[in-house]
Structures are given as C-alpha cells and as structure tokens.
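Peer 1: Here's a structure for you.
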Amino acid sequence: MSYSFHAATVPAFVGMLGNIKSWLDVAASTGNEAALLEARLADDMFALARQIQIASDSAKGAGARMSGTEAPAMPDTETSFAELKDRCDKTIAYLQSIDPAAYDAGADREVVITFPNGGGVKFDGKTFLSGFALPNFYFHATTAYAILRANGVPLGKQNFLGHLMPYMFAPPAA
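For the sequence shown, my numbering begins at 768 and goes up steadily by one.
Listed below in structure tokens is the structure:
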C-alpha cells in the first residue's frame, strides 16, 4: 500500500486547524479576546489573528496548488475568535472537498510562489509540500500557540496535539 501526498498532509492541516479552534475556545475563557487578538511574540512579528490567517492561507494554498483547484478567497478581516474559528472551518471544508487523486497528481506540478516584493520561489509539488507548505503552516500555527501561552492562556502539549486524542490509550494497569 502506498502512502499518498494527500494522506500525508491534508489530515495534518485539518487536525491542526481543529486544534487552533480549540485553543481559541480556551483563550475565550480568559475574557481577554481583544488583547489576545493583537498580541505578538516580538514587535516585528504578526499578531495572533494574522498568524491564524496565514496558517489558514498556507493550508488552503497547498490544497489549491497541489490539486489545481481554486482556493476560497478569504479577505483577512477577522476581528474575533468566532470569526477566526469560522475561517478555520471554511479552510477545513475546502481541504476535505479536494479529490485525493487530483491532489496527488500535483506532486510533479511546477509550483511558483511570488512574494509581494516581486521575488519568489519555484518548486515541484513534492518539494513545495515538504520544504515550504508544511513548515510554513506549522510555523504560523506554532507561533499562534506560543502567543496564547505567552499571554497566560492555559494550554499544554496535549492541546497542541489534540487532534491525536482519538489515538490515545490508558497505560496498562499495574
């Protein structure tokens, strides 16, 4: 049995986006939503809301580039936890709508990403996924998690890996 590019990445995107939604639920319990949305780890880094928007963009961009489909447009106007959770839901729905065979067909497709300054990068699909899409997605997801932690939101490693809860089992009885 072969392991596909779709199977290796789409569930990871979907799982972490679900985790982000649960982090926002925990963060909401602090009653500090406005401050948290603008919180950042360093002055030259994006705030929490933008980190989540970019994580969403990274996941849906990977889906679009690999499958040759159009990702849903999202204008980056979220100003609440509820709106960010809705964005995660829309991204998850898009990723789950992608035909796995179409996604896997993108492994050898040329992927070109142009940056705002006019420069960019060019990859084949395999290198794009492993060298850019997944690392970029996890960078922004991890930064969002770290912003919440640094601002007192009571999250732990099990929250970061929450999508793995269905696979957890109790230790054997002594």
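Cβ coordinates follow ideal geometry from the N, Cα and C atoms, glycine included.
For clarity, every value in this text was computed on a predicted model and none was experimentally measured.
Less than 6 Å between C-beta atoms, sequence neighbours within five positions excluded: which residues of the same chain meet that for Lys827?
Peer 2: So the qualifying residues of the chain are Ala838, Thr858, Tyr861.
Peer 1: Helix, strand or coil for Gly887 per DSSP?
Peer 2: Here Gly887 sits in strand by DSSP.
Peer 1: Where DSSP assigns a beta bridge to Glu877, which residues make up the other side?
Peer 2: Looking at the DSSP assignment, Glu877 forms a beta bridge with Asp891.
Peer 1: For the ligand ADP, is there any heavy atom lying closer than 6 Å to the beta carbon of Glu845?
Peer 2: No copy of the ligand ADP occurs in the structure displayed, which carries no ligand at all.
Peer 1: Could you name the residues of the same chain whose beta carbon sits closer than 6 Å to that of Phe890, not counting the 5 residues immediately before and after it, in chain order?
Peer 2: Taken in chain order, the residues that qualify are Val878.
Peer 1: Once the 5 residues before and after Asn926 are set aside, which same chain residues still bring their CB inside 8 Å of it?
Peer 2: So the qualifying residues of the chain are Asn786, Ser789, Trp790, Val793, Tyr912.
Peer 1: Can you tell me the Cα-Cα spacing of Gly898 and Ala940, whole angstroms?
Peer 2: About 42 Å.
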